[in-house]
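Heads up: the sequence shown begins at 1 in this note's numbering, then just goes up one per residue. Notes for the one structure printed next.
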Amino acid sequence: MDKLSRKYPVGIQTFERLRRENYLYIDKTDLVWKMTKESPFVFLSRPRRFGKSLLTTTLDSYFEGRKDLFEGLKIMDLETEWEQYPVIHLDLSLAKGRNTVDELRRVLLLLMDTLVEKYGKEDNEIFPGDVLRGIIRRAYERTGKQVAVIIDEYDAPLLEVLHEEVMLPEFRRVMQEFYQPLKASEAMIRFCFITGITKFSQLSIFSTINNLTNISMDSKYAAICGITEDELETDMAPDIAMLAEEYECTPEEMHAKLKLQYDGYRFAKESPDIYNPFSLLKCFNHRDIGSYWFESGTPTFLIRQMQHYRTDITTMERIEARASAFDQPTENMEDALPLLYQSGYITIKDYDRESDTYILAIPNKEVRTGFVSGLVPAYTGLKRNDTEGFALRFWRALKKDDITAAMEEMKAFLAGIPYVEGFQKKLEEVKNYEGFYEYTFWLIFNMMNLYARTQVKCANGRIDFVVQMPDMTYVFELKVNGTAQEAIDQINGKGYALPYQTEGKPVVKFGVQFDRDTMTVGEYIVA
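Spelled out as structure tokens, the structure:
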């Protein structure tokens, strides 16, 4: 196989370039066509780097009537007219990070410079919303055709100021004024497509456009961004074979590795599992299974929101919630769950129709290890490299069944945590320090991509901590106001280990006592 024969569109978000230069393209054009026929105003929320920008440029080419770019794709069996419309395409990601209202207005005007050159600007059009309204009107009048409006990442200017008491209302007023023409110009708009991560209900696109259709959790469009299992097995079979050769394994084994690393996203009740497209393409391009989604780091706005709401990170392996709890407007948030879901750090894993309840969890290995690494500095005050070094040493000791070495590493690690504000707030909410240690254990084991759960329900109570490794299960009982022996006695007396003894692998019971003075492991018993 010629390893250079496939061109992967890493960092390329322009449909025209992708097609002209013969990059790999996973055909979604049947969904694009269907979407444009069902509603004149559409909103789609997806996490970053999930192909939203490529989707917007695909729409751009479609409404410009660029039939030549779609030859050989599914849409050719559906579209018969290929009518050309004027297109207004704005990428609001370029407006993020602004510090003042004047800066925000200035960059919004700059984003429309090319459109102003094409359609002109009147003297009384001073503010960004006035300019947008004028552009839509003149495009409609000069061409005699309704306009296609495409706005990518509409919420980008607001994400960094979510809890800025002064700046958020001011920025929101600017954006309300900017989006108002979309409603006022409805008769002149053939199709309007808006993408983002969050939903700001008080912006005009949600409060005044009555017929805005939100397809974010619509099963018909669950696969419009991302790569499905079927697409991976068919369109990308040669890529799996190439990577398998690199790793000296079978294609089936490589498929399983890719599934563990990049699969697991679901965006609707009835949804195929979706692979992260950015990470998967980068993996094939570099011929290496890495954590590419986190190259730019965990978004600071999300970390701030989690700290603001004192998010219990140990619950993220299984969250039961109604859709109204996680797919809701940003202004109505009572916790960080909507942002965690809309940003892609947790996703739908299952749906119970009888109770109308969703099960949410971390999608895959890439998100778990990358997210936890980003959380470590914020939640412990330790440097990421120090924590990763400890996690590796602790893992190796456990793999060698050297419990003494593992626990000595744990003692040294816990003694070095400086107890930053996030944990201090958490400690105010618990009766003792066991909650702190549950947080720390969860971070440690999840950094090693081990399935770790806290406060696990069982017949006779709740187990403090359970870690399931491929060849071993560890059951922990943590004590601050007690002894290690009391912890072991509780594990045995309440049968905490019994549910795991039928899995065919050894179960190790840990009774751990923490010293309140030294704030680290005091004594431990392993049974």
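Even glycine gets a Cβ: it sits at the ideal position worked out from N, Cα and C.
Burial state of residue i, where buried means 16 or more other Cβ atoms lie within 10 Å
i, result
"Q501", "exposed"
"L110", "exposed"
"T80", "exposed"
"Y247", "exposed"
"T387", "buried"
"A256", "exposed"
"T300", "exposed"
"L78", "exposed"
"L4", "Here L4 scores only 48 on pLDDT, less than 50, and its place in the model should not be relied on; the value that follows carries that caveat. By the neighbour-count rule (16 or more Cβ atoms within 10 Å), L4 is not buried but exposed."
"V166", "exposed"
"R266", "buried"
"I227", "buried"
"P506", "exposed"
"I194", "buried"
"N481", "exposed"
"E170", "exposed"
"T518", "exposed"
"K457", "exposed"
"R138", "buried"
"E317", "buried"
"S324", "exposed"
"E153", "buried"
"N17", "Note that residue 17 is Arg in the sequence shown, not Asn. The residue is exposed, with fewer than 16 neighbouring Cβ atoms inside 10 Å."
"V101", "exposed"
"I362", "buried"
"K431", "With a pLDDT of 40 at K431, under the threshold of 50, the modelled position of this residue cannot be trusted; read the value that follows with caution. By the neighbour-count rule (16 or more Cβ atoms within 10 Å), K431 is not buried but exposed."
"N364", "buried"
Cβ distance (whole Å) where residue i is taken to contact residue j below 8 Å
i, j, result
"E409", "T357", "Actually they are not in contact, since the Cβ atoms of E409 and T357 sit about 40 Å apart, beyond 8 Å."
"E366", "N276", "7 Å"
"A497", "V475", "5 Å"
"L302", "V372", "Rounded, the Cβ-Cβ distance is 13 Å, inconsistent with contact."
"L104", "V149", "Actually they do not touch by this definition, with Cβ atoms about 20 Å apart."
"M447", "T347", "Not a contact, Cβ separation roughly 20 Å."
"A487", "E477", "4 Å"
"Y309", "D335", "5 Å"
"S219", "A156", "Incorrect: roughly 27 Å between the Cβ atoms, too far for contact."
"I197", "S343", "6 Å"
One or two residues paired with residue i in a DSSP bridge
i, result
"Y351", "Y358"
"D515", "T520"
"R462", "K457"
"V42", "F193, T213"
"K183", "According to DSSP, which records beta bridges pairwise, K183 is partnered with nothing at all."
"K479", "Q513"
"H89", "I150"
"A223", "Answer by DSSP bridge pairing: none, since A223 is not bridged."
"I525", "G511"
"Y23", "The partner list for Y23 (beta bridge, DSSP) is empty, contrary to what the question assumes."
"V467", "A452, Y474"
"T80", "DSSP lists no partner for T80."
"E320", "I359"
Test item: CB-CB of residue i and residue j under 8 Å
i, j, result
"I88", "Q146", "no"
"G134", "K121", "yes"
"L547", "I151", "Given that the chain is displayed from residue 1 to residue 527, the structure contains no residue 547 and the question cannot be resolved."
"N211", "F43", "no"
"A397", "A391", "no"
"A222", "S279", "no"
"A484", "G511", "yes"
"K383", "V521", "no"
"L24", "R49", "no"
"A459", "F441", "no"
"F514", "Y439", "no"
"Y8", "V32", "no"
"Q13", "S45", "no"
"L108", "C225", "no"
"F178", "P40", "no"
"P329", "K479", "no"
Unbroken alpha helix (DSSP H) run spanning residue i, endpoints
i, result
"H308", "300-308"
"L73", "L73 -> no alpha helix (DSSP H), and no H or E assigned at all."
"H286", "277-286"
"V101", "101-111"
"A325", "323-326"
"N385", "384-399"
"F267", "Element bounds for F267: n/a, residue is neither H nor E."
"R53", "According to the sequence displayed, residue 53 carries Ser and not Arg. Counting along the chain, the alpha helix (DSSP H) containing S53 begins and ends at 52-63."
"Y341", "337-342"
"H255", "251-262"
"L243", "237-247"
"Y140", "128-143"
"P157", "156-159"
"E414", "Correcting the residue identity first, residue 414 is Leu in this sequence and not Glu. Where L414 is concerned, the enclosing alpha helix (DSSP H) stretches over 403-415."
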